[in-house]
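Worksheet: the structure to be examined is printed underneath.
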Amino acid sequence: MSATELKSTRDAFGQALLELAEKSSKLWVLSADLTDSMRVTSFADKYKDRHVQCGVAEQNMVGIAAGLAANGKVPFVTSFAAFSPGRNWDQLRVSVCLSNLPVKVVSGATGFGNSKDGASHQALEDIAITRVLPNLKVVTPLDFNQTKQAVLSIFKDPGPVYMRIGHEKVPNITKSDQEFVIGKADLLKEGEEITVISAGAIMHQVLEAIKSSRVKADVINLSTIKPIDKEAILTSLEKTRKVMTIEDHQVAGGLGSAVAEVIAQSGKRVKMKILGVPDTFSRSARSIDDLYKLFKLDSKSLEEEIKEFIRE
Amino acid sequence: MQTAQLEKYANQIRQTIIISLLHAGSGHPAGALGFADLFAYLYFSDFLKVNPKNPKMEERDRLYLSCGHYAPGLYSALALKGFFSIKDLSGLRDVNGIDGHPILGQLPGIENSAGPLGQGISQAIGSALAHQDTNIKTVCIISDGELQEGQTWEALMFMGNSRLKNLTVILDRNDIQISGNTNEVMPLEPLKEKFDSFNLITQTINGNDFKEIDEALTKTNLFDRPNVVIAETVAGKGISFMENDYLWHGRAPNKEEALEAINELKNPQ
Ligand SMILES: Cc1ncc(C[n+]2csc(CCOP(=O)(O)OP(=O)(O)O)c2C)c(N)n1
Ligand SMILES: [Mg+2]
Chain A
0 MSATELKSTR
10 DAFGQALLEL
20 AEKSSKLWVL
30 SADLTDSMRV
40 TSFADKYKDR
50 HVQCGVAEQN
60 MVGIAAGLAA
70 NGKVPFVTSF
80 AAFSPGRNWD
90 QLRVSVCLSN
100 LPVKVVSGAT
110 GFGNSKDGAS
120 HQALEDIAIT
130 RVLPNLKVVT
140 PLDFNQTKQA
150 VLSIFKDPGP
160 VYMRIGHEKV
170 PNITKSDQEF
180 VIGKADLLKE
190 GEEITVISAG
200 AIMHQVLEAI
210 KSSRVKADVI
220 NLSTIKPIDK
230 EAILTSLEKT
240 RKVMTIEDHQ
250 VAGGLGSAVA
260 EVIAQSGKRV
270 KMKILGVPDT
280 FSRSARSIDD
290 LYKLFKLDSK
300 SLEEEIKEFI
310 RE
Chain B
0 MQTAQLEKYA
10 NQIRQTIIIS
20 LLHAGSGHPA
30 GALGFADLFA
40 YLYFSDFLKV
50 NPKNPKMEER
60 DRLYLSCGHY
70 APGLYSALAL
80 KGFFSIKDLS
90 GLRDVNGIDG
100 HPILGQLPGI
110 ENSAGPLGQG
120 ISQAIGSALA
130 HQDTNIKTVC
140 IISDGELQEG
150 QTWEALMFMG
160 NSRLKNLTVI
170 LDRNDIQISG
180 NTNEVMPLEP
190 LKEKFDSFNL
200 ITQTINGNDF
210 KEIDEALTKT
220 NLFDRPNVVI
230 AETVAGKGIS
240 FMENDYLWHG
250 RAPNKEEALE
260 AINELKNPQ
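Quick note, the sequences are listed as chains A and B, same order.
The first sequence runs contiguously to residue 311 in numbering that gives the first Met the number 0.
The second sequence runs contiguously to residue 268 in numbering that gives the first Met the number 0.
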């Protein structure tokens, strides 16, 4: 696949499931009527006895997954993030996380990815509500290849994991054989003027902004939000003393907040700016670009923000 | 109002659904089209007291839409009733326009926010409780896919244990959801028996027949307990290539398909 071909992370998820299913019979997949949207249809057709169609019932789905996981299976729970972990957060907290069971919650329509359906369907709070749950790891791969690798890694991980993927078609910048190490951030670009930290689909807006601004930046792909890679963050900040975080999520409680927690407790004095959705609901948009622009998170606006922050 | 006139309104609602989805480029036609006769009855018979000139009129009846993806049907009915301009619907799902799912306060006539399925009956119970000792009724529209959500049953249990005679739930029993026919994805039957056993008065009707709609809904005015109307409808009703096909659950027509659909609606067989 060429680097310029655009593909969604949910397509990667669907493929990875098929490949993994051939190797391990422990893999189960659960749906709540968003089977096709989550790209589970091929798996469901081929492995009927390991696919559980729950109907529109996300709470029941996570509970069933907990029972499967307690009995030797590795279940992947699939829906949109607004409903899972949105609706089934309590079941995730108690049935899964308290028991520390290897349930993998994989959710689409994150960030602005499902721009069309509108405010009620766009999950801009999922990082906040998942990273507070003990035992739960939170990963958010940024492209097709990284998602495929992330599926392998979270499958192997012995505990519960939330993986944030989406609808948006994005460039594929990760090498296909690059292992996804949970808890390890990758440095996508190196520079000394500023540290820019982001993750997931919006990273591609960030990379474009950095490119056209010609700013010399460390760009960190925080593909695991939890456990957070403190070392990668603090090492970069030692050099730049300036950090901007950018996310397709509420400013409160998200990736920027997680980074701020690390910095505040490090004793380092650095300048920080958190960009994201400022305590407001989103809205419908026929194209995702309209939403990036609305929230000034498109590459052009980001370029201005980054340049201005460097001048400050 | 005469059946012939209601039929005309239902037809206009259907055309407006198609045109607004064409503008939007995405959305959910089948459910709203199948329910168009009921939308027409609810807004254009004198069953519900609503006033487009005074949308917040205290004594109005309340219509709660639980299955938020039926929004194009609700919006079309509200626009035709005069709550806002039909032109506004060309902005459906646009970043400067109307959201794809209803948001309380975004348009006059909308009574609740919805989208994530299963929340509507609870909201409607709140409304009915607030108006217990008045003549104000609350009607809640739910879809059959929503019956798979636990909250729906929590709410139905509450209803059955209450004396909320001012509350009616209309279930759109179209037997489709995203992944297929509801009776295959997660069967619901026997439904009437389920509702009956929850102490609800249950009526089953053909939801595309105005006579049956009128009879059943008129009866609800006299009930002394909360009740459910199971309205059996044809998903995608009125457009031959959409009827009973779950693939039209959530896909907007393209230009050609929209033209054909409008053509069929203008020249019914
Ligand atoms: C809590 C929740 N889970 C999943 C969805 C996604 N979803 C939207 S419509 C729908 C199908 C539900 O079936 P029904 O409401 O009967 O739809 P119809 O095809 O009849 O329009 C689903 C699963 C949602 N909106 N809310
Ligand atoms: Mg249905």
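Positions of the beta carbon are idealized from the N, C-alpha and C atoms, including for glycine.
Residue i CB to nearest chain B CB: under 9 Å?
i                : result
GLN58 (chain A)  : yes
LEU290 (chain A) : yes
MET0 (chain A)   : Bear in mind that a pLDDT of 43 at MET0 (chain A), under 50, signals an unreliable position, so the number given afterwards is only what the model happens to contain. It does not: the Cβ of MET0 (chain A) has no partner Cβ on chain B nearer than 9 Å.
THR77 (chain A)  : no
SER283 (chain A) : yes
LEU293 (chain A) : yes
SER36 (chain A)  : yes
SER30 (chain A)  : yes
At which residues does the beta strand (DSSP E) containing residue i begin and terminate?
i                : result
MET162 (chain A) : 160–163
PRO74 (chain A)  : 73–79
SER106 (chain A) : 103–107
GLY275 (chain A) : 270–276
LYS188 (chain A) : 185–188
ALA113 (chain B) : Note, ALA113 (chain B): premise wrong, no beta strand (DSSP E); not H, not E.
Does the beta carbon of residue i sit closer than 9 Å to a beta carbon anywhere in chain A?
i                : result
ARG250 (chain B) : no
SER25 (chain B)  : yes
ARG61 (chain B)  : no
ARG162 (chain B) : no
GLU145 (chain B) : yes
LEU37 (chain B)  : no
GLY149 (chain B) : yes
LEU21 (chain B)  : no
SER228 (chain B) : A quick correction: the sequence has Val, not Ser, at residue 228 (chain B). No, VAL228 (chain B) lies away from the interface with chain A (no Cβ there is under 9 Å from its Cβ).
ASP93 (chain B)  : yes
ASP223 (chain B) : no
Taking the CB atoms as reference points, tell me whether residue i and residue j lie closer together than 9 Å.
i                : j                : result
SER114 (chain A) : ILE287 (chain A) : yes
SER65 (chain B)  : ILE141 (chain B) : yes
LYS168 (chain A) : LYS306 (chain A) : no
PHE197 (chain B) : MET158 (chain B) : yes
ALA20 (chain A)  : LYS45 (chain A)  : yes
ALA70 (chain B)  : PRO101 (chain B) : yes
GLY266 (chain A) : ILE245 (chain A) : no
PHE154 (chain A) : LEU26 (chain A)  : yes
ALA31 (chain B)  : SER75 (chain B)  : yes
ILE306 (chain B) : PRO28 (chain B)  : The requested residue 306 (chain B) is not part of the displayed model; chain B covers only 0 to 268.
ILE196 (chain A) : ALA208 (chain A) : no
GLY199 (chain A) : PRO226 (chain A) : no
PHE12 (chain A)  : ARG49 (chain A)  : no
LEU62 (chain B)  : PHE209 (chain B) : no
Hey, could you find the ends of the alpha helix (DSSP H) residue i is sitting in?
i                : result
ALA149 (chain A) : 143–155
HIS203 (chain A) : 202–212
TYR291 (chain A) : 287–293
MET158 (chain B) : 149–159
LYS7 (chain B)   : 2–23
ARG240 (chain A) : Run containing ARG240 (chain A): none; DSSP gives neither H nor E here.
ASP132 (chain B) : No alpha helix (DSSP H) holds ASP132 (chain B); DSSP gives it neither H nor E.
Between the alpha carbons of residue i and residue j, how many angstroms are there, rounded?
i                : j                : result
LYS241 (chain A) : ILE164 (chain A) : 28 Å
TYR291 (chain A) : VAL131 (chain A) : 27 Å
PRO186 (chain B) : PRO115 (chain B) : 20 Å
MET0 (chain A)   : PHE194 (chain B) : Note that MET0 (chain A) scores a pLDDT of 43, beneath 50, so its modelled location is shaky and nothing firm can be said.
ASN182 (chain B) : ASP174 (chain B) : 6 Å
ASN266 (chain B) : VAL184 (chain B) : 35 Å
ASP93 (chain B)  : GLU256 (chain B) : 21 Å
ASP10 (chain A)  : LEU123 (chain A) : 21 Å
GLN105 (chain B) : ILE97 (chain B)  : 8 Å
LEU264 (chain B) : ASN59 (chain A)  : 41 Å
CYS139 (chain B) : ASN262 (chain B) : 32 Å
GLN118 (chain B) : GLU148 (chain B) : 9 Å
ASN205 (chain B) : GLU211 (chain B) : 6 Å
GLU57 (chain A)  : ASN99 (chain A)  : 19 Å
GLU230 (chain A) : ILE193 (chain A) : 16 Å
GLY144 (chain B) : VAL55 (chain A)  : 7 Å
ALA127 (chain B) : TYR42 (chain B)  : 19 Å
LEU151 (chain A) : ALA23 (chain B)  : 38 Å
LYS238 (chain A) : VAL269 (chain A) : 10 Å
Residues of the segment 110–124 of chain B whose Cβ lies closer than 9 Å to any Cβ of chain A, in chain order: SER112, ALA113, GLY114, PRO115, LEU116 and GLY117
Chain-ordered residues of the segment 60–82 of chain B with a beta carbon less than 7 Å from chain A: GLY67
Positions along the segment 169–186 of chain B whose CB lies within less than 7 Å of some CB in chain A: GLN176, ILE177, SER178, VAL184 and MET185
The segment 117–150 of chain A: positions lying closer than 8 Å to chain B by Cβ: GLY117, ALA118, SER119 and HIS120
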